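Novice: To start, I am sharing the structure in question, which I have written as structure tokens.
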Amino acid sequence: MRKMVEVTQCDACGKKGKEREATTALSVAGDSYDLCDEHGKKFRTYFAALFSTEKMTAQSA
Ligand SMILES: [Zn+2]
Numbered sequence: 002m003r004k005m006v007e008v009t010q011c012d013a014c015g016k017k018g019k020e021r022e023a024t025t026a027l028s029v030a031g032d033s034y035d036l037c038d039e040h041g042k043k044f045r046t047y048f049a050a051l052f053s054t055e056k057m058t059a060q061s062a
């Protein structure tokens, strides 16, 4: 069960054992993520890459 906290933490940082305030909420196909600035940018870059196959090369497996 999810614990209620006053400040929403970045999910991506949480996976690394870090606590960082989330500033961005991302919703993808029914899943939602809360992300800090840094991870928000990473996701944005990642999704931008997904939709532009021309100039971006695959960075992840
Ligand atoms: Zn983060």
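Everything in the sequence shown is counted per our numbering, starting at 2 for the first residue and increasing by one.
Beta carbons: idealized from backbone N, C-alpha and C, even for Gly.
These figures come from a predicted structure and were not determined experimentally.
Please name the residue, chosen from Lys43, Phe48 and Tyr34, that lies closest to Thr9 on a Cα-to-Cα basis.
Specialist: Translated into positions along the sequence shown, residue 9 becomes position 8. Ranking Lys43, Phe48 and Tyr34 by Cα distance to Thr9 puts Tyr34 first.
Novice: Just jot down, in chain order, the residues whose CB lies closer than 6 Å to any heavy atom of ligand 1.
Specialist: Cys11, Ala13, Cys14, Arg21, Leu36, Cys37, Glu39 and His40
Novice: Just how far apart, CA to CA, sit Tyr47 and Arg3?
Specialist: What you label residue 47 is simply residue 46 of the sequence shown in a count that begins at 1. What you label residue 3 is simply residue 2 of the sequence shown in a count that begins at 1. The straight-line gap from Cα to Cα measures roughly 27 Å.
Novice: Do Leu27 and Phe44 count as a contact pair if the criterion is CB distance below 7 Å?
Specialist: Sequence index remark: in the sequence shown, residue 44 carries index 43 (1-based). Sequence index remark: in the sequence shown, residue 27 carries index 26 (1-based). The answer is yes: Cβ separation under 7 Å.
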